[in-house]
Structures are given as C-alpha cells and as structure tokens.
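Visitor: One structure coming up, written as structure tokens, with questions to follow.
There are 2 protein chains.
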Amino acid sequence: MRSAEGARSSRADQADQRRAELLDAARRVVLERGLASTRVSDIAKATNVSGGLIHYHFATKDDLITAMLRATSESEVRRLREIIAGPGTAIQRLDRVLRFYIPSSRSDQSWILWLDAWALGVREPHVREILLELEGGWIEILSEVISQGMEAGEFTCDDPQGAAERLDGMLDGLVVRYTLHSGAMSRKRLLEHARIAAAREVGVDRSSFPA
Amino acid sequence: MRSAEGARSSRADQADQRRAELLDAARRVVLERGLASTRVSDIAKATNVSGGLIHYHFATKDDLITAMLRATSESEVRRLREIIAGPGTAIQRLDRVLRFYIPSSRSDQSWILWLDAWALGVREPHVREILLELEGGWIEILSEVISQGMEAGEFTCDDPQGAAERLDGMLDGLVVRYTLHSGAMSRKRLLEHARIAAAREVGVDRSSFPA
DNA sequence: GATTTGACTGGGTCGCCAGTCAGGATCGTT
DNA sequence: AACGATCCTGACTGGCGACCCAGTCAAATC
C-alpha cells in the first residue's frame, strides 16, 4: 500500500494538507468578514480553489466552521501548556499566561473569533462543546500555575479553582470590552486590572509582578 | 393638529404602540431563534401582522434590530438606576445590583441577546455604540454604589472606577460561562464568586453580604 | 500502458428571504 | 359625506448562497 516509507506526499498527505489549508483560510476569512457574512466561496477564493472543492473535503459549511474552531482552540490550549511548563518563578509564568490572554496589540483581533463562536455556541452543541473545552483549559492552566506557586511558597490561596474561575471570567469580560471599544479600555489598563486581581487572588503584592 | 389634549389614541400613539409591540416581538424572537436565524417574517408572525408592515415602520431589518437592542439596553439601565436609588445600606444595594446582573434562573436566557449583539457589534458601529453605553451604564452604577458606600463609611476603596471595571468584566465573563454551559457553573457558585470579588474590592468581609 | 482511484473544476439548481408595491381598510378632519 | 392621511395586507421579485454533479486530469496500482 504505497511505494516506499520515505514517500512524503501520498494522496492522504495531500488531502490532509489541503484540509489544514482550508481551515486556515477559513479562520482568516471569518476574522476579517465575521461569521455571519462569511461565504463558502470567500474561503474558496482565499485559497485559490474552486467552490466545489470545499464540499469535497467538508460535507457542509457547518462542518468546516466547527473543524476550524476546534483546531484553533486546540492550538491555543497547546501553547498555553507550553507556557506553564516553561522556566521562571510561578509569578513570572502567571504573568506570561495573563499576557498571552490579552490581545497583543490593537491590530490583534483574534478574539473576534470567540465572540462569534459564543453566539454560535448558543444554538450549536458541537460548538458549545469546543468552547467548554477551551474555557476549561484556561481555568485548568490558571489553577495549575496557582497551585505550583503555592507549592513553591510564592502564593497563598485557599481555593485555586475558584480563583482561576474568577480570573478567567474577568479576563473574558475585559477582553470583550477591549475588543469592542478599544477606546474605552487600553491594553495597559487591561493588563493592570489583570495583575491587580491576580495579585489579590494569590495573596501577593501587585508590585511582585514584573514592570 | 388634533382634537383635544385628552386624546389618548391618536394615529401617532397607535404607531408608537405598534412600533413598541414590534420591538418586543423582535426581542422575543431573537432570544428564541438567535439573531442569525431570525427572519423578518418570524417577527411578523409573532405579532400577527403582515410582513409588509414591518417595513412600513422600520426601513430595514437592521433598523429594527438596532432599535430593539437600544430599547432593551435603555430599559436595563433604567432599572439599574432604580435599584441604586432604592432603600437599604450600600452593601444591600450592591448585592441587589449583583443579583440583577445574574440571570435569575436556568430558564432566564436574556443574556443570549448580548452574546449575539457582541458578535454583531464587531461589524456594526451603531450596535457597538449601544453596547458601549450599556457597559458604561453598568460600570457607572457599580462605581456609584461603591462611592456611596465609602461616603457612608461602609466601604474602603482607592479606585472605585477601576473596581467597577473589574467587577463588571468578571460578571460578564462568568455570565457567558453560565449561559453557555450552565452545567459547569451553577447560579449559586456564580453569585458566590461575585460576592467574594465585590467584598474584596470594597474592603469588607464576604460575610457582610446577606445570606 | 491500461485501469482505477482520488483530487479538483465550474456551471447549474433550488430554496430562501429582505424589501417592494398596488391596493384596501380605517381613522380624523372639514 | 367626502376626502386625505395613515395604517396595513399579501403577493411578488430579484439576488444570493449552499450544495450538487458531470466531467477532467494526474497520480497510483496492476
């Protein structure tokens, strides 16, 4: 069942690559145009591919969108895990997580995707499930860093899970505000709020955070 | 330009009433079906009215939706103002605000509207403006109650505005979680989080809140 | 080198839905 | 009563967009 094990470009590989390419284009197009006004043909155009090909690889538009959201969510959680496995004190890692949460600049509109997904998730159980896993991932990571800090004697916290839920919620809410009305909430102020709240939750002084 | 000042049912009144009725139906339909799959004809059906009539009172569907969101937002802010103008100690009023924030039961899905509106607001400046006013209203009210409490000597807080922003953000984020996955976050737990965070922000003990 | 399999094209179809329009009913005014 | 303004109806349309399909082409297999 194939020429040699060195074969890098079998038919299956080609299909996988094409699917990944389509997911990528889908993400870009949805970010740019919004879920509501994204057409299958837009994604086809962005990939320089015929409209028919989309439906060859994905049965329906919903399938494509759902797969794209799943892929994005999984890659986000993967990067998060790398962060908390990284070097530094617990507070440094916590700070890195907070900064990863927050859009890195005015032009980073990646959160738009999740605003669309939240609205979609209300009606679509598959999407809702993806969102549940993503949020669960965030909370778990936060709670894990806090526990690490407690073991290291850096932090004090009698309910890491609860603290993680509160922090995660606050960041979600503030990022919505920042994404929608960046004029009313600067990135600096957002990060400051995050550090103040996090410092309180883990029982350290706000000045313990890096400048 | 009219019979007597006692006239309660002039043509203008009738039109106003019909418009209000349509806005109300629009809200119900959007909550039930979601913005994305709400048709103008659905709203017409829900009002027992012809499709054409909608476009007699509202030029476009967008106009109708925007007006509905504006009306809903304004009524929400109005009710909020009543709460903080009400009786009781500052902490009682603060608690009332928190409880007004949180959906009153599993079946209260009113927040779905704002999830849809957030996604819409990314592309529609008019909607974004409404959202800005609504959030601004919440933050202002929170900050006002906190200030009242400080004047009364109940609270300590060196940045009421910042505290209000953090609380508002946290509640937004947690309510999203509650609305989307009520299984992962009970109303009780949500309220508990709100009280813990609020107590910290205003420098009182969590036990100061009503049971 | 013949045949099969899989990737891909592009035109077509079919249903849906916002918005239009011509006309009808009802109200207020004179 | 007559008339104009306003409210309302329901059939219609024009465009759009997801999905289908018949056919092409190239790579894999025999």
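In the order they appear, the protein sequences are chains A and B.
The first sequence stops at residue 211 when you use our numbering, and every number in between is there.
The second sequence stops at residue 1211 when you use our numbering, and every number in between is there.
Each residue gets a CB set at the ideal place from its N, CA and C atoms; glycine is no exception.
Can you give me the start and stop residues for the alpha helix (DSSP H) that residue 1138 (chain B) sits inside?
Guide: Numbered from 1 along the second sequence, position 138 holds the residue referred to as residue 1138 (chain B). Its alpha helix (DSSP H) spans residues 1125 to 1151.
Visitor: Taking 8 angstroms as the threshold (C-beta atoms), are residue 1109 (chain B) and residue 1179 (chain B) in contact?
Guide: The count along the second sequence starts at 1 and reaches residue 1179 (chain B) at position 179. The count along the second sequence starts at 1 and reaches residue 1109 (chain B) at position 109. Yes, Cβ-Cβ distance for residue 1179 (chain B) and residue 1109 (chain B) is below 8 angstroms.
Visitor: Using only alpha-carbon positions, find the residue among A:209, A:56, A:210, A:72 that is nearest to residue 127 (chain A).
Guide: If you number the first sequence from 1, residue 127 (chain A) lands on position 127. Comparing Cα positions, the closest option is A:72.
Visitor: Rounded to whole angstroms, what is the Cα-Cα separation between residue 1112 (chain B) and residue 1169 (chain B)?
Guide: Mapped onto the second sequence, residue 1112 (chain B) falls at position 112. Mapped onto the second sequence, residue 1169 (chain B) falls at position 169. So the alpha carbons of these two residues sit roughly 17 angstroms apart.
Visitor: Specify the secondary structure class of residue 159 (chain A) as computed by DSSP and reduced to three states.
Guide: The residue you call residue 159 (chain A) lines up with position 159 of the first sequence. Coil at residue 159 (chain A), not helix or strand.
Visitor: Is DSSP giving residue 55 (chain A) helix, strand or coil here?
Guide: Position 55 of the first sequence, counting from 1, holds the residue named residue 55 (chain A). Correct three-state label for residue 55 (chain A): helix.
Visitor: Quick one: what does DSSP say residue 118 (chain A) is sitting in, helix, strand or coil?
Guide: Stepping through the first sequence from its first residue, residue 118 (chain A) is reached at position 118. Residue state, collapsed to three classes: helix.
Visitor: How long is the line joining the alpha carbons of residue 1122 (chain B) and residue 43 (chain A), rounded to whole angstroms?
Guide: Translated into the one-based positions of the second sequence, residue 1122 (chain B) becomes position 122. Translated into the one-based positions of the first sequence, residue 43 (chain A) becomes position 43. So the alpha carbons of these two residues sit roughly 20 angstroms apart.
Visitor: Assuming residue 1201 (chain B) and residue 1163 (chain B) are in contact, meaning their beta carbons sit under 8 angstroms apart, how far apart are those beta carbons, in whole angstroms?
Guide: Taking the first residue of the second sequence as position 1, residue 1201 (chain B) is located at position 201. Taking the first residue of the second sequence as position 1, residue 1163 (chain B) is located at position 163. Right, the Cβ-Cβ distance comes to about 4 angstroms (below 8 angstroms), so this counts as a contact.
Visitor: Report the neighbours of residue 1055 (chain B) on chain A: residues whose CB is nearer than 9 angstroms to its CB, in chain order.
Guide: Taking the first residue of the second sequence as position 1, residue 1055 (chain B) is located at position 55. Per Cβ cutoff of 9 angstroms: no residues; residue 1055 (chain B) is ~21 angstroms from chain A at best.
Visitor: When the cut-off is 8 angstroms and only beta carbons count, does residue 1006 (chain B) lie next to chain A?
Guide: Residue numbering aside, residue 1006 (chain B) sits at position 6 when the second sequence is read from its first letter. Reliability fails at residue 1006 (chain B), whose pLDDT of 39 lies under 50, so the model's placement of it is uncertain and the value that follows must be treated cautiously. Chain A contact via Cβ: absent.
Visitor: Using CA atoms only, rank isn't needed, just tell me which of A:56, A:15, A:61, A:132 is closest to residue 30 (chain A).
Guide: Position 30 of the first sequence, counting from 1, holds the residue named residue 30 (chain A). The candidate whose alpha carbon is nearest that of residue 30 (chain A) is A:61.
Visitor: Can you tell me which of A:192, A:15, A:38, A:16 puts its alpha carbon nearest to the alpha carbon of residue 26 (chain A)?
Guide: The residue labelled residue 26 (chain A) in the question sits at position 26 within the first sequence. Nearest option by C-alpha distance: A:38.
Visitor: Counting only Cβ pairs nearer than 7 angstroms, list the residues of chain A close to residue 1116 (chain B).
Guide: The residue given as residue 1116 (chain B) occupies position 116 in the second sequence. Result: 119.
Visitor: When we look at the beta-carbon of residue 32 (chain A) and count the other beta-carbons within 10 Å, is it buried (16 or more) or exposed?
Guide: Looking up residue 32 (chain A) in the first sequence gives position 32. Residue 32 (chain A) comes out exposed.
Visitor: Using only the alpha-carbon positions, how far apart do residue 1082 (chain B) and residue 1171 (chain B) sit?
Guide: Position 82 of the second sequence, counted from the start, is the residue given in the question as residue 1082 (chain B). Position 171 of the second sequence, counted from the start, is the residue given in the question as residue 1171 (chain B). Rounded to whole angstroms, residue 1082 (chain B) to residue 1171 (chain B) spans 20 angstroms at the Cα level.
Visitor: Give every residue of the same chain whose Cβ lies closer than 7 angstroms to the Cβ of residue 1077 (chain B), excluding the five residues on either side of it in the sequence, and list them in chain order.
Guide: Numbered from 1 along the second sequence, position 77 holds the residue referred to as residue 1077 (chain B). Correct list, in chain order: 1134, 1137.
Visitor: Quick one: using the 10 Å Cβ neighbour count with 16 as the cut-off for buried, is residue 205 (chain A) buried or exposed?
Guide: As a first step, residue 205 (chain A) must be located in the first sequence, where it is residue number 205. Counting Cβ neighbours within 10 Å, residue 205 (chain A) comes out exposed, since fewer than 16 surround it.
Visitor: Report yes or no: do the stretch 39 to 59 of chain A and the stretch 92 to 102 of chain A share at least 3 C-beta pairs separated by less than 8 angstroms?
Guide: The stretch 39 to 59 of chain A is not in contact with the stretch 92 to 102 of chain A.
Visitor: Are the beta-carbon atoms belonging to residue 155 (chain A) and residue 197 (chain A) less than 8 angstroms from one another?
Guide: What you label residue 155 (chain A) is simply residue 155 of the first sequence in a count that begins at 1. What you label residue 197 (chain A) is simply residue 197 of the first sequence in a count that begins at 1. Result no, Cβ atoms of residue 155 (chain A) and residue 197 (chain A) do not sit closer than 8 angstroms.
Visitor: I'd like the span of the alpha helix (DSSP H) that includes residue 1025 (chain B), first residue to last.
Guide: Here residue 1025 (chain B) refers to the residue found at position 25 when the second sequence is read from its first residue. Where residue 1025 (chain B) is concerned, the enclosing alpha helix (DSSP H) stretches over 1011 to 1033.
Visitor: So which residues on chain B does residue 168 (chain A) lean against when the C-beta distance must stay under 7 angstroms?
Guide: The residue given as residue 168 (chain A) occupies position 168 in the first sequence. By Cβ distance, chain B contributes 1173.
Visitor: Enumerate in chain order the residues of its own chain whose CB-to-CB distance from residue 1145 (chain B) is below 8 angstroms, with the five nearest sequence positions on each side excluded.
Guide: On the second sequence, residue 1145 (chain B) is found 145 positions in, with the first residue counted as 1. If we look at residue 1145 (chain B) and ignore the five residues flanking it on each side, its Cβ neighbours are 1084, 1090, 1093, 1094, 1097.
Visitor: Between residue 1001 (chain B) and chain A, is there a C-beta pair that is closer than 8 angstroms?
Guide: As a working mapping, residue 1001 (chain B) is identified with position 1 in the second sequence. Below a pLDDT of 50, predicted positions are generally treated as unreliable, and residue 1001 (chain B), at 40, falls in that range; the measurement from the model is reported next regardless. It does not; no Cβ of chain A falls within 8 angstroms.
Visitor: Reducing DSSP to helix, strand and coil, say where residue 1189 (chain B) ends up.
Guide: Position 189 of the second sequence, counted from the start, is the residue given in the question as residue 1189 (chain B). DSSP places residue 1189 (chain B) in helix when its eight states are reduced to three.
Visitor: Compute the distance between the beta-carbons of residue 184 (chain A) and residue 177 (chain A), then report whether it is under 8 angstroms.
Guide: The residue labelled residue 184 (chain A) in the question sits at position 184 within the first sequence. The residue labelled residue 177 (chain A) in the question sits at position 177 within the first sequence. For residue 184 (chain A) and residue 177 (chain A), yes; Cβs fall inside 8 angstroms.
Visitor: Could you give the DSSP three-state label for residue 1082 (chain B): helix, strand or coil?
Guide: For this step, residue 1082 (chain B) is matched to residue 82 along the second sequence. It is helical.
Visitor: Does the Cβ-Cβ distance between residue 1055 (chain B) and residue 1018 (chain B) come in under 8 angstroms?
Guide: Here residue 1055 (chain B) corresponds to residue number 55 of the second sequence, with the count starting at 1. Here residue 1018 (chain B) corresponds to residue number 18 of the second sequence, with the count starting at 1. No, Cβ-Cβ distance for residue 1055 (chain B) and residue 1018 (chain B) is not below 8 angstroms.
Visitor: Output, in chain order, the set of chain B residues within a Cβ distance shorter than 7 angstroms of residue 36 (chain A).
Guide: As a position in the first sequence, residue 36 (chain A) is number 36, starting the count at 1. Those within 7 angstroms of residue 36 (chain A) in chain B are 1036.
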